[in-house]
Structures are given as C-alpha cells and as structure tokens.
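The opening residue of the sequence shown carries number 5 in our numbering; numbering runs sequentially from there.
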Amino acid sequence: MTIQHIDHATIVLERSFAATPAAVFAAWSAREALLDWSAPGEGWDMAYKAFDFRVGHTDVLTFGPTGAQPYVNTVQYHAIGADRYILYASTVSHDSGLLFAGTVLLELAQTAGGTDFRLTETGFYFDGDSPEGHKEGWAAMLDGLTVYLARASSAA
Numbered sequence: 005m006t007i008q009h010i011d012h013a014t015i016v017l018e019r020s021f022a023a024t025p026a027a028v029f030a031a032w033s034a035r036e037a038l039l040d041w042s043a044p045g046e047g048w049d050m051a052y053k054a055f056d057f058r059v060g061h062t063d064v065l066t067f068g069p070t071g072a073q074p075y076v077n078t079v080q081y082h083a084i085g086a087d088r089y090i091l092y093a094s095t096v097s098h099d100s101g102l103l104f105a106g107t108v109l110l111e112l113a114q115t116a117g118g119t120d121f122r123l124t125e126t127g128f129y130f131d132g133d134s135p136e137g138h139k140e141g142w143a144a145m146l147d148g149l150t151v152y153l154a155r156a157s158s159a160a
C-alpha cells in the first residue's frame, strides 16, 4: 500500500458524567463494559481478539459492518492511573492498509456531581480517514458511555 494523503490533528472532547471516576474508569478498563457501551450499533460486529488492560500490553479489536472485511484497532497501553487517566497508542487498519496511528489520553477528575472527562487524540489520518470522522465517532461512543453509566447507576 502506498499512502497518498496524510492529515494530522489533535482532537479534544470533554464531558461531565454523573458517575464517580471509579465507575467511568471501570467502563474503560473491562472488556464486557467496552463491548456494551462502545458498540457501533445494529448491523455492525465488534469483537476483541485480545484484551489485556495493563501497561505494556495490547488489545486487538475488530469491528465493521456485518459480513464485510473488518477494521482492526490495536491499542498498546503506556500509562494507567486508576480512576485518573489512561494513555495508549493506537492504530486502525483495514484491508487497504493503515488508516490511523496516534495516541489517546483519557483524563478523569472528580467533581461534586461526578466526573469531568477529557479525551485527547493526537494522530495521523491516512487516505480516507479524517480527524472529523474520529471526532464524530468518539462523540457517538461517549453518548453510549453516558447511557451505560446511567443504566449502571440505576441498577445499583
């Protein structure tokens, strides 16, 4: 594969969750929780080929429309501070090759009402991938996280 175009950007999304930092952290650090709230929706498949939430270890997630060649997201954890932050490197590839390479930092801060959350992604977006697409994707995932946290809170 020959890369024709590369964009680079930093995107930042911020949210306030009515849940403790421990609950938000748990939603990012457990395989079943991630599969619940971050799933793209009906007509899409998502599965972990590997999941090891520890510094220096790697997750491999496949996702995409049912019946189509999946995308592969590989994550390697570089720093984890329980209930405070998660830093990882990430790549996304498809049968056409590398689409994204970058880093993601998740920051959690306790507030009187729950948790202030910031996601910062700094990366390179290759041939057809874009910072705008990632920002939209992250926003949809964080909407799913909001619903998941509310559901978990009401079940407790």
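Beta carbons are placed, not taken as given, at the ideal position from N, Cα and C, and that holds for glycine. Bear in mind the structure is a predicted one, so any value in this text is a computation, not a measurement.
**Message:** Within 8 Å, do at least three Cβ pairs link the region 120-137 to the region 37-48?
**Reply:** Not touching, per the Cβ criterion.
**Asked** Between the region 107-114 and the region 55-65, are three or more C-beta pairs nearer than 8 Å?
**Response** Judged by pairs of C-beta atoms under 8 Å, the region 107-114 does not touch the region 55-65, as fewer than three such pairs exist.
**Asked** Roughly how many angstroms lie between the CA atoms of A154 and Q73, to the nearest whole one?
**Response** For the purposes of this step, residue 154 is taken as residue 150 along the sequence shown, with counting starting at 1. For the purposes of this step, residue 73 is taken as residue 69 along the sequence shown, with counting starting at 1. Using only the alpha carbons, I get a separation of about 33 Å.
**Asked** In the structure shown, what three-state DSSP assignment does A143 receive?
**Response** Taking the first residue of the sequence shown as position 1, residue 143 is located at position 139. The answer is helix: DSSP assigns A143 an H, G or I state.
**Message:** Do A105 and T95 count as a contact pair if the criterion is CB distance below 9 Å?
**Reply:** Residue mapping note: residue 95 aligns to position 91 of the sequence shown, counting from 1. Residue mapping note: residue 105 aligns to position 101 of the sequence shown, counting from 1. Against a cut-off of 9 Å, the Cβ pair of A105 and T95 comes out as a contact.
**Request:** Look up G101 in the DSSP assignment and say whether it is helix, strand or coil.
**Result:** Your numbering for residue 101 matches position 97 in the sequence shown. Here G101 sits in strand by DSSP.
**Asked** With distances taken between CB atoms, is the gap from L65 to A83 smaller than 9 Å?
**Response** Residue numbering aside, residue 65 sits at position 61 when the sequence shown is read from its first letter. Residue numbering aside, residue 83 sits at position 79 when the sequence shown is read from its first letter. For L65 and A83, no; Cβs fall outside 9 Å.
**Request:** Report the rounded CA-to-CA distance for L172 versus D131, giving the unit in angstroms.
**Result:** Outside the modelled stretch of the chain, which goes from 5 to 160, sits residue 172, for which no answer is possible.
**Message:** Please classify A22 as buried or exposed, where buried requires at least 16 other C-beta atoms within 10 Å of its C-beta.
**Reply:** Translated into positions along the sequence shown, residue 22 becomes position 18. By the neighbour-count rule (16 or more Cβ atoms within 10 Å), A22 is not buried but exposed.
**Message:** To the nearest angstrom, how far is the alpha carbon of H98 from that of V79?
**Reply:** Residue mapping note: residue 98 aligns to position 94 of the sequence shown, counting from 1. Residue mapping note: residue 79 aligns to position 75 of the sequence shown, counting from 1. If you take the alpha carbons of H98 and V79, they lie about 15 Å apart.
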